[in-house]
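Q:
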Amino acid sequence: TVGAVAVDSEGNIACATSTGGILNKMEGRVGDTPCIGSGGYADNNVGAVSTTGHGEAIMKVTLARLILFHMEQGKSAEAASDLALDYMKSRVGGLGGVVTVDPQGHWAARFSSLQMIWAAAQNDTLHYGLYTGE
Amino acid sequence: MIPVVVVHGGAGHVPRERSEKSMEGVCSAARAGYTILRGGGNSMDAVVETVTQLENNPAFNAGCGSVLTNKGDVEMDAIVMDGKTLGSGAVSAVRNIANPIQLARLVMDKTSHVYLTAEGASQFARSMGIPEVPPESLVTEYSRMRWKKNLRPDANPVECQMGKMG
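Shown next, in the form of C-alpha cells:
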C-alpha cells in the first residue's frame, strides 16, 4: 500500500491511498484502502490521514477517522496517531501505520508494525525513515 | 501556510535487499509532491502525483508491483479525499489500468458517486478514456515469487506481508 497527505499554501488538505491488497487475497476481497474513514480521510477543519497495514483491522476501528476524532478532541497529529494505532493493536490485534497532517502543517508518520517506509517534505527539507524513531 | 507532503510506502516487513530502492522511491515521490506545492499547486494535485509515482514504481504494492490474488491476478483499490469539500472518490477490484488513484480522482471529479467497484469501475475508466494496460505489465517477478510461495498449505500470507505481531 502507498499513500500521501498534503497541506497546500491555501491551507487546503487532501489524502490519497492506493493498494494491491494483501498477498494471495481471495478474489473479490476488498480491504480498508477504498473505504472512506478507513484507508483515508481529509477535513480542512481537522487534518488528513492515509493508512496502511492489516486492512480488516483498520476497517474494524475506522482508523483514519479515529485519528481525526482524537485530533478533534485536542490531541496532536502524533499523539492521535499513536493512540489509534495502540487501540487497533489491543482491541482487534492489528498492525499498521499512518501518515497524518493537521491544518497548521504539523505532521506525523507513525506505525505499530516493525517497519514503515515514509518520507516528508516541508520547508525545503526532506525527512525519511524506515524503523521506529528514524 | 507552510506546505507539507507526507508519504508512506506501506507498513510491514521490508526485506533488506528492497529497502534502499523503496526508500529512494518514497523520497522521490515526496519531492514530486512538494514541487507541486512549492509552485502554488493544490494539495489534491500533490497527493495524486505522489501516489501515481509510487504506483508506477515496481518496488511498491500498488499499481505495477501489486501483490496477486489467490488466482494470480491483480485487483487494485484506491481512494482520494479533498478536505475543503469533503469530496471523495474510490475504486476497488480494478484491473488492467496503470493508475487506480487517477481513476479514484475521476470518480470524485466527474460523478455524483463516492465509490465504484469491479466491472462498473472498469466501464467508467473506459468512458473516461483511460487506456487499458496488459495485465502482465502490472506483475513483477517479485510479486509472482511471493504468490507462489504463499500457495503452500502452511503459508501465512498476512504474516508474510505484515510481519509477526510483537
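Protein sequences appear in the order of chains B and R.
Residues in the first sequence are numbered consecutively from 115, following the numbering used here.
Residues in the second sequence are numbered consecutively from -13, following the numbering used here.
Backbone N, C-alpha and C fix where the C-beta goes; we use that ideal spot for every residue, glycine too.
Got a sec: is the Cβ-Cβ distance from Gln187 (chain B) to anything in chain R below 8 angstroms?
A: no
Q: When the Cα atoms are used, what is the spatial distance from Gly142 (chain B) to Ala128 (chain B)?
A: 28 angstroms
Q: Using the beta-carbon count (16 or more within 10 Å), is His184 (chain B) buried or exposed?
A: buried
Q: Quick one: Cα of Ala194 (chain B) to Cα of Val34 (chain R), how far?
A: 25 angstroms
Q: Given a threshold of 16 other Cβ atoms within 10 Å of its Cβ, counted over all protein chains shown, does Thr71 (chain R) qualify as buried or as exposed?
A: exposed
Q: Would you mind working out which of R:Met131, R:Met30, R:Lys150, R:Pro120 sits nearest Ile87 (chain R), comparing C-alpha positions?
A: R:Met30
Q: Could you round the C-beta distance between Thr166 (chain B) and Ser152 (chain B) to whole angstroms and report it? I think they count as a contact, below 8 angstroms.
A: Actually they are not in contact, since the Cβ atoms of Thr166 (chain B) and Ser152 (chain B) sit about 11 angstroms apart, beyond 8 angstroms.
Q: Give the secondary structure of Ile65 (chain R) by DSSP, where H, G and I count as helix, E and B as strand, and everything else as coil.
A: If DSSP states are grouped into helix, strand and coil, Ile65 (chain R) belongs with the strands.
Q: Grab me the residues of Phe46 (chain R)'s own chain with a C-beta within less than 8 angstroms of its C-beta, minus the 5 sequence neighbours each way, in chain order.
A: Gly(-5), Gly(-4), Ser8, Gly11, Leu40
Q: So with CB distances below 9 angstroms, who are the chain B contacts of Glu61 (chain R)?
A: Gly134, Gly135, Lys139, Glu141, Gly142, Arg143, Val144
Q: Would you tell me roughly how many angstroms separate the C-alpha atoms of His220 (chain B) and Val(-8) (chain R), rounded to the nearest one?
A: 10 angstroms
Q: I need the straight-line Cα distance from Glu61 (chain R) to Asn43 (chain R), nearest angstrom please.
A: 17 angstroms
Q: Just how far apart, CA to CA, sit Gly26 (chain R) and Ala16 (chain R)?
A: 16 angstroms
Q: Tell me whether Met140 (chain B) is buried or exposed, calling it buried when 16 or more other Cβ atoms sit within 10 Å of its Cβ.
A: exposed
Q: In whole angstroms, give me the CA-to-CA distance for Ile172 (chain B) and Lys57 (chain R).
A: 25 angstroms
Q: What are the residues in the stretch 28 to 54 of chain R lying within 8 angstroms of chain B by C-beta distance?
A: Asn28, Ser29, Met30, Ala32, Val33, Val34, Thr36, Val37, Leu40, Glu41, Phe46, Asn47, Ala48, Gly49, Gly51, Ser52, Val53, Leu54
Q: Looking only at its own chain, which residues have a Cβ that is under 8 angstroms from the Cβ of Tyr201 (chain B), when we skip the five neighbours before and after it?
A: Val175, Leu180
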